[in-house]
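Chains as they are written, first to last, in the numbering used here: chain D, 111 to 724; chain R, 202 to 427. Shown next, in structure tokens, is the structure this report addresses.
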């Protein structure tokens, strides 16, 4: 913790032997990419900050006053930290953050990890006999105390935007000597050309006030915020956005205090490309949207419901009520413990619903397990909260009752938990034949019993659901990220069904499978693992060119499955039957995740390689 | 940009806690008329969980210690503090949204972050962490007494929560949910903003899943069970 506190912040001054910072400023955005590693499900790094220095020479002091830090977003009450999974960075850069820095050329960069918990490794099952279990989460320690630094030449121009991408190579992974130990990592960083991973969107925002206006980018149709750029004093903006090898589609909109929203949808951003997108916004006063979200059956407030404000792309004429997916989510709010929205905002996450430019919008309400509601909301008063049109149920604001159905039944486990212990089982519902998850519930099987009931809320608007049940297992008392019991499934269950009883979740131990695809993969290539036609897991595929090009892997308990290659979300190969190998039973010592009926338990797990590429 | 807390949010410790409790309780009794006695000068047990990551990510969490368990629904970021806790504590936090938002759970014991940290970015993914070995899930808390302290995220506050036998000095951040394990008799609370004027505090007191009292205000809020 002390190490965090001695990181020089962004206010360091110059020294007689160093370049003199200028009074001009430019903005730096930082993203992460990965040099992929074979043999791990996840490599998680806890990133505290990235800092840059205009002085070359990697041996420079930690306390050099020219270091400028770009920190992770703040957490509750203090400094923040971002956990990144290197495996997920193979296809696309993940943005870390940005800030304004003195305009000059920076000569080196340092990646700063949490000194107490730098991260975790989840290895596949071992390829050869090992004393350490696979598909478990291990903390890692760094092999060296040397800082993670790299030379670079990053030019930050006055009022400009400079993109800095760090390619993180985890290096060698030295496994622990026992299942409770630490992995040892020897990571390094390099600085590739940012345009290999990013594309640029820039333009003007006319009529925007000089202060406070911004342009925001979301992945198309998701509402997931990716980046925000301030509108500069000359009315222009620049966004550097992560782009897949096949391009990434974004929704982009301008907003600001006292100006109308202006949105553009489906802006395709390619690596190294520049896109111009201008916005015209008019000045306007603002109103407020609030209300309460409740469950129709119980009348209770729904906590965590998401309320989204939709706007059609400028000049498109799209009706957001009938075609919400073609519209842009320009603001969201969530409900509190009793269902009231919006929650109060702050500087980092403003409560946009408290200052909505006067205009008529479409409002969409979503909550896990419930039917969506879409309504029209004319915001036409600066003093009175907006009143939503049908199907709003209140006459004084935007309150809604959400409808849902239930599915109920029993989950069972074999053998049952010992008296004094218990077993937790997650039951998940997805739309039949897809991996579109709708809701999840957890049920407890008490010690001495073998089954427990479950009830799951599901939307009434979906005809059928695939259900699967997965145990939340522990390995030698530590949480296991992957189950050691079989995953059991029920397919095409109708909403409202009762008496849905899963086959027993059998103690199986851990297992993994690895293989290759038979095509040159791109970012749209994935492999789906199913059981009895119910989709359970999806694996990304290593990109070309890289050392793991075409490779996929799963941590899945020993069982019979089907695996299938997908391209762009559609099946692209025939299902291939696979059986994940079971570990040998053991009893002395018993490291297993669960016990068999005969008193033995599953030993160290095995990896199952798939011979024929998909 | 998703983030995760790395430095401790300090709590009053040692002899300071007794003084703070006594002072706050005195102020409450004098100014607010809320009754109740306060336990001795020893540090009362409490454990804090930080559920954060991508802002406004809805989740459901099953939290247990060795005596009681709670199901808590909420949105990130939020701190969940168990008062009168019987450690160790385990938490299962599950995202209630099918996107790639990051959900991170950290445990804070005695004001210090420990190794209990877990994250997930999977759709409807679950993060599990614990402060020690547990055999299983304890029975649901009975009574289930909770204080939801809402306001502008990140505001800091101090205060006091107490029952007829024991009091807990608070020093936390909005939003925080206090789970009062096995309170004796009526519970009440006093909350005082210590950060700038970012808006009022809004506090719900829920007993057995029903909000029985609500209070709003700035810079201070008092609330008690009817």
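Even for Gly, the Cβ is constructed at its ideal location relative to N, Cα and C. Given the structure is predicted, the values throughout are model-derived calculations rather than measurements.
query                                                                                                                                                                                                : result
Could you have a look at residue 306 of chain D and say whether DSSP puts it in helix, strand or coil?                                                                                               : helix
Is there contact here, the stretch 323 to 336 of chain D with the stretch 437 to 452 of chain D, by at least three beta-carbon pairs under 8 Å?                                                      : yes
Classify residue 384 of chain D: buried if its beta carbon has 16 or more other beta carbons within 10 angstroms, exposed otherwise.                                                                 : exposed
Along the chain, where does the beta strand (DSSP E) that runs through residue 665 of chain D open and close?                                                                                        : 661 to 665
Which same chain residues end up closer than 6 Å to residue 382 of chain D when comparing Cβ atoms and leaving out the 5 residues on each side of it in sequence?                                    : 305
Nearest to residue 710 of chain D by alpha carbon, out of D:695, D:722, D:703 and D:719?                                                                                                             : D:695
Is there at least one Cβ from chain R nearer than 7 Å to residue 340 of chain D's Cβ?                                                                                                                : no
Counting only C-beta atoms, is residue 334 of chain D closer than 7 Å to chain R at any point?                                                                                                       : yes
Quick one: what's residue 378 of chain D bridged to in DSSP?                                                                                                                                         : D:359
Might you give, ordered along the chain, the residues of its own chain that have their beta carbon closer than 6 Å to the beta carbon of residue 526 of chain D, omitting 5 neighbours on each side? : 559 and 560
Please confirm if residue 325 of chain R has its CB atom under 7 Å from at least one CB of chain D.                                                                                                  : yes
From the DSSP secondary-structure annotation, give me the bridge partner or partners of residue 271 of chain R.                                                                                      : R:264
By Cβ distance, which residues of its chain are closer than 8 Å to residue 545 of chain D, with the 5 residues on each side in sequence left out?                                                    : 638, 645 and 648
What are the complete beta strand (DSSP E) segments, minimum 3 residues, inside the stretch 599 to 679 of chain D?                                                                                   : 622 to 626, 635 to 641, 644 to 650, 661 to 665 and 670 to 677
Among R:387, R:420, R:396 and R:397, which one has its Cα closest to the Cα of residue 345 of chain R?                                                                                               : R:387
With DSSP as the reference, label residue 464 of chain D as helix, strand or coil.                                                                                                                   : helix
Which residues bound the beta strand (DSSP E) around residue 294 of chain R?                                                                                                                         : 291 to 296
Quick one: grab the DSSP three-state call for residue 324 of chain D.                                                                                                                                : strand
Under 8 Å Cβ-Cβ, which residues of chain D neighbour residue 366 of chain R?                                                                                                                         : Residues of chain D passing the Cβ test: none, with the nearest at roughly 27 Å.
May I ask you to report which of helix, strand or coil DSSP gives residue 197 of chain D?                                                                                                            : helix
Per DSSP, residue 348 of chain R is paired with what?                                                                                                                                                : R:379 and R:406
List the residues that DSSP assigns as beta-bridge partners of residue 556 of chain D.                                                                                                               : D:532
Please confirm whether residue 348 of chain D and residue 360 of chain D have their CB atoms less than 7 Å apart.                                                                                    : no
So who's on the other strand from residue 391 of chain R, going by DSSP bridges?                                                                                                                     : R:361 and R:423
Applying the criterion that 16 or more other CB atoms from any shown protein chain within 10 Å of the CB defines a buried residue, is residue 334 of chain R buried or exposed?                      : exposed
With a floor of 4 residues, list each alpha helix (DSSP H) that falls wholly inside the stretch 390 to 431 of chain D, ordered by position along the chain.                                          : none
Are any of the Cβ atoms in chain D nearer than 7 Å to that of residue 264 of chain R?                                                                                                                : no
Scan the stretch 133 to 161 of chain D for residues whose Cβ lies nearer than 9 Å to a Cβ of chain R and list them as they occur along the chain.                                                    : 154, 156 and 158
Taking C-alpha atoms, which residue in D:543, D:279 and D:478 lies nearest to residue 549 of chain D?                                                                                                : D:478
May I ask which residues mark the beginning and end of the beta strand (DSSP E) holding residue 280 of chain D?                                                                                      : Per DSSP, residue 280 of chain D belongs to no beta strand (DSSP E) and is neither H nor E.
Could you give the C-beta distance for residue 390 of chain R and residue 424 of chain R, rounded to a whole number, given that I count them as a contact under 8 Å?                                 : 5 Å
Listed from N- to C-terminal order along the chain, which residues in the stretch 638 to 650 of chain D have their beta-carbon within a distance smaller than 7 Å of any beta-carbon of chain R?     : none
State buried or exposed for residue 288 of chain D, treating a residue as buried only when at least 16 other CB atoms are found within 10 Å of its CB.                                               : exposed
Need the endpoints of the beta strand (DSSP E) that residue 141 of chain D sits in, please.                                                                                                          : 135 to 144
Report all residues from its chain with a CB closer than 8 Å to the CB of residue 267 of chain R; omit the five preceding and five following residues, and keep chain order.                         : 287, 288, 289, 335 and 339
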